[in-house]
Amino acid sequence: MRPRIAIVGAGMGGASLAWALGDTADVTLIEAEAHPGYHTTGRSAAFWVPSYGGPAVLPLTAASRDFFMDPPPGFARPLLTPRAGLHLAAPGDDAAIGALAADFDRDGIDYARLDAGALAERFPMLAEGWSRAGLLEGDCWDIDVAALHAGFLGGARRAGTALLTDARVTALHREGAGWRIVTTAGEVAADIVVDAAGAWADGLAELAGAQPLSLTPLRRTMVVLDVDPVPDPTLPVTFDAAGTFYFKPDAGRMWVSPHDEIPDVPRDAAPEEMDIAVAVDRFQSATRYRVRRVERHWAGLRTFAPDRAPVIGFDAAVPGFFWCAGQGGIGIQTAPAWGRLAADLLLVRETQVDAAPYDPARLAKMNK
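In structure tokens:
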């Protein structure tokens, strides 16, 4: 008999898991909003950069590459378009490039060093102080997030997954060896509850009687700038090595983030005026572009565990409660491997990625 698995949250984490489970389980996706992907998934800057997220998530990023390069049937092709990654250091912070290069060497990330001459020739719109030295990652890509998410949802639906929307979970009741899940759209019975609720993950755990894991939603701001001159569409996604901004061209505009991580609460996040201003100021300080206007802006919540590693696995104390949380802004680029790992753990199969670093038990011990 197939296990009944209820996945709470139909963002990228929940959708990729439902797809990976396929017809091996009786799956219900429970989504609080009117449509999946309303929160963080729908607000992503959408790139695949091996170094992004650090060594804790690199195994998941690397294990997702083949999927992105050769998507299975049911997914749009291509899911990726080439987009190099350029890492720069602020004026007076040359040591940051050396430290970043050491990290890349440790993690086996391919890159090329660029000196001032190469930067000036290839990227003439960089401001003078920002063009002394850089690292260029060649194996980086833009991700079609909407197509990826739709592919997971469509594949899951064809395999028999039921999607329940406008269904905010209000109670979780343990009944025998299973669960009765009370939502605003009705009740669902399941053997296993998967917590893929993003910023709401700790709150859902409390409803299940599980110990919250101190997952923290951090607000990230994004602005879309109309700039002069119109940016070259082939420019790389450009990062400050110290983590104070990134920007990339898109459809004749420049997407810019101040790389902020502002503690927040689970909600429909919106940017603060100050954070929008900071994004514009940092972009103008690092480039020669003239900003005509801020065309759009938004914010999303990126949820982190205390050690900033993902949380994937069964709860240490509550039977039948499975964590799929703490994606911390890397849920898009790791989605294929994330979903596969979670499915393998749920079905007690051999995993392709070492699951130990993501075990929720590590956090339960920290919180005691």
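Using this note's numbering, the letters of the sequence shown correspond one by one to residues 793 to 1160.
Ideal placement from N, C-alpha and C gives every residue a C-beta, glycine not left out.
Nothing here was measured: the structure is a model prediction, and the numbers come from that model.
CB-CB length for residue i against residue j, believed under 8 Å
i, j, result
"F860", "W840", "6 Å"
"G1105", "F1113", "That belief does not hold up - the Cβ atoms of G1105 and F1113 are roughly 10 Å apart, past 8 Å."
"L928", "A876", "6 Å"
"A1161", "V985", "As displayed, the chain neither begins before 793 nor continues past 1160, which places residue 1161 out of reach and without an answer."
"V849", "P1152", "Their Cβ separation, rounded to whole angstroms, is 16 Å, which puts V849 and P1152 out of contact at 8 Å."
"A948", "L821", "7 Å"
"G930", "D902", "6 Å"
"L1093", "H831", "7 Å"
"R796", "A954", "That belief does not hold up - the Cβ atoms of R796 and A954 are roughly 11 Å apart, past 8 Å."
"A988", "L809", "7 Å"
"V1072", "V1086", "7 Å"
"A991", "P1058", "4 Å"
"P1041", "P1023", "4 Å"
Residue range of the beta strand (DSSP E) that includes residue i
i, result
"E913", "Element bounds for E913: not the beta strand (DSSP E) but the alpha helix (DSSP H), A908 to R914."
"T1030", "V1029 to D1032"
"F1096", "R1082 to F1096"
"G1123", "Per DSSP, G1123 belongs to no beta strand (DSSP E) and is neither H nor E."
"V1019", "T1008 to D1020"
"A893", "It is not in any beta strand (DSSP E) - A893 instead sits in the alpha helix (DSSP H) that spans A887 to D899."
"A881", "It is not in any beta strand (DSSP E) - A881 carries neither H nor E in the DSSP assignment."
"F1039", "Y1038 to D1042"
"C1116", "F1113 to A1117"
"D987", "I984 to D987"
"V800", "R796 to V800"
"H1051", "Counting along the chain, H1051 falls outside any beta strand (DSSP E), and DSSP gives it neither H nor E."
"A963", "V961 to E967"
"D818", "D818 to I822"
"W1103", "Strictly speaking, residue 1103 in this sequence is Val, with Trp absent from that position. Residues V1103 to F1106."
"P1004", "From DSSP, P1004 is part of no beta strand (DSSP E); its letter is neither H nor E."
Minimum C-alpha distance to residue i - residue among the options
i, options, result
"A938", "Q1125, M793 and L1137", "Q1125"
"M1066", "P1050, R1080, D1060 and P1055", "P1050"
"A826", "L1027, D958 and D1052", "D958"
"A951", "A882, A812 and A1117", "A812"
"P924", "D931, G884 and G930", "One detail in the question is off: residue 924 reads as Arg in this sequence, not Pro. Ranking D931, G884 and G930 by Cα distance to R924 puts G884 first."
"G806", "V1057, L956 and V1022", "L956"
"V980", "V961, A988 and A991", "V961"
"M793", "I799, L809, T816 and D1146", "T816"
"G845", "D1060, A963, A1033 and D1146", "A1033"
"P851", "E823, R1088, D899 and D895", "D899"
"R905", "L878, P1055 and V1057", "L878"
"A837", "T1036, G926 and M1046", "M1046"
"R1088", "D1107, D1073 and I1068", "I1068"
"G1044", "P1055, D1018, V1057 and T975", "D1018"
"W971", "A1148, M804, D1056 and I799", "I799"
"P865", "G1123, G909, M804 and G946", "G946"
"P1025", "G801, F915 and I1054", "F915"
"L1010", "D1146, M917 and G1121", "G1121"
"T1030", "A1127, M917, A977 and R1012", "M917"
7 Å CB neighbourhood of residue i in its chain, flanking five on each side removed
i, result
"A919", "S1077, A1078, T1079 and R1080"
"T873", "W933 and D934"
"G1108", "One point to set straight first is that residue 1108 is Ala, not Gly, in the sequence displayed. Hits under 7 Å: P1152, A1153 and A1156."
"V1110", "A1000, G1001 and A1002"
Sequence-distant residues of its chain with Cβ nearer than 8 Å to residue i (five each side left out)
i, result
"Q1144", "A855, A1129, R1132, L1133 and D1136"
"A942", "A868"
"P863", "R869, P870, L871 and G943"
"L1155", "L1005, S1006, A1097, P1098, D1099 and V1103"
Extent of the continuous alpha helix (DSSP H) to which residue i belongs
i, result
"G943", "V937 to R950"
"M804", "M804 to L813"
"T853", "L850 to M861"
"V1140", "No alpha helix (DSSP H) holds V1140; DSSP gives it neither H nor E."
"E1065", "E1065 to A1078"
"G970", "Per DSSP, G970 belongs to no alpha helix (DSSP H); it is in the beta strand (DSSP E), G970 to T975."
"E998", "A993 to L999"
Chain B contact for residue i (CB, 8 Å cutoff)
i, result
"P1028", "You won't find chain B in this structure, because it holds only one protein chain."
Cβ-based neighbour list, residue i, same chain, cut-off 6 Å, excluding 5 preceding and 5 following
i, result
"R1082", "D1020"
"W922", "L880 and A1078"
"V819", "I797, A810, L813 and T953"
"A824", "R960"
Legend entry - Contact the region 1094-1101 vs the region 1001-1019: 3+ CB pairs below 8 Å: yes
Inset, instruction - Spell out a yes or no on whether the region 1075-1089 and the region 994-1001 are touching, meaning 3 or more CB-CB pairs, one atom from each, closer than 8 Å. - result: no
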